[in-house]
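Residue numbers (this note's numbering): 7 to 145.
The structure is reproduced here in structure tokens:
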């Protein structure tokens, strides 16, 4: 597992972009101070699954932009109680199993949500039951 930003106790904005790291099985992003997070473009290379599990635990996070590919059978979990705005890009054709439902439970307090690419279809196919987003005012 790769723990990102463990030695940055006052970091407020973190962007992790195009990554071609071989054999990443799990990344964990955990921070009490982080307010903005962008995770983007983990691609599958021939013969390598670059991202299997993603864990985001940032209780003060207000903004999330998630645009990354998961390996077949990978999981995406989040604990984001303060999330105000999120932009989520997903790809249909991946099997999200129950991890997508868990992810949306983790962002259930979001007030503004943008679903990009095939995200709405992925939610329909893999979220059972459909998530309740009780604070959502903008979709």
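From the three backbone atoms N, C-alpha and C, an ideal C-beta is built for every residue, glycine too.
If we count the other Cβ atoms within 10 Å of its Cβ and call it buried at 16 or more, is residue 80 buried or exposed? In the assembly as shown, residue 80 is a buried residue. Its beta-carbon has 16 or more other beta-carbons within 10 Å.
By a C-beta neighbour count over all protein chains shown, 10 Å radius and 16 as the cutoff for buried, is residue 136 buried or exposed? So residue 136 ends up on the exposed side.
Other residues of its chain near residue 68: CB distance less than 8 Å, five sequence neighbours each side excluded: For residue 68, where only same-chain residues beyond five positions count, the Cβ hits under 8 Å are 41, 42, 88, 89, 90 and 91.
If I follow the unbroken alpha helix (DSSP H) through residue 83, where does it start and stop? Not the alpha helix (DSSP H): residue 83 falls in the beta strand (DSSP E), residues 81-85.
Could you give the C-beta distance for residue 70 and residue 35, rounded to a whole number, given that I count them as a contact under 8 Å? Not really, about 10 Å apart at Cβ, beyond 8 Å.
Inter-residue spacing [alpha-carbon to alpha-carbon] between residue 53 and residue 23: Confidence is the limiting factor: at residue 53 the pLDDT is only 48, short of 50, which leaves the residue's position unreliable, though a coordinate-based value still follows. Take the alpha-carbon of residue 53 and the one of residue 23: they are about 21 Å apart.
Where residue 106 sits in the DSSP three-state scheme: The three-state reading of DSSP puts residue 106 in helix, counting H, G and I together.
Where do the ends of the alpha helix (DSSP H) carrying residue 125 lie? Start and end: 125-132.
Considering Cα atoms alone, identify which of 85, 17, 130 and 134 is closest to residue 116. Between residue 116 and the set 85, 17, 130 and 134, the nearest pair of CA atoms involves 85.
Opening and closing residue of the beta strand (DSSP E) in which residue 138 lies: Careful: residue 138 lies outside any beta strand (DSSP E) and carries neither H nor E.
With DSSP collapsed to three states, give me the class of residue 68. Here residue 68 sits in coil by DSSP.
For residue 112, does the three-state DSSP call read helix, strand or coil? Helix.
With residue 144 as the anchor, note down where its beta strand (DSSP E) starts and where it stops. In the DSSP assignment, residue 144 falls outside any beta strand (DSSP E) and carries neither an H nor an E.
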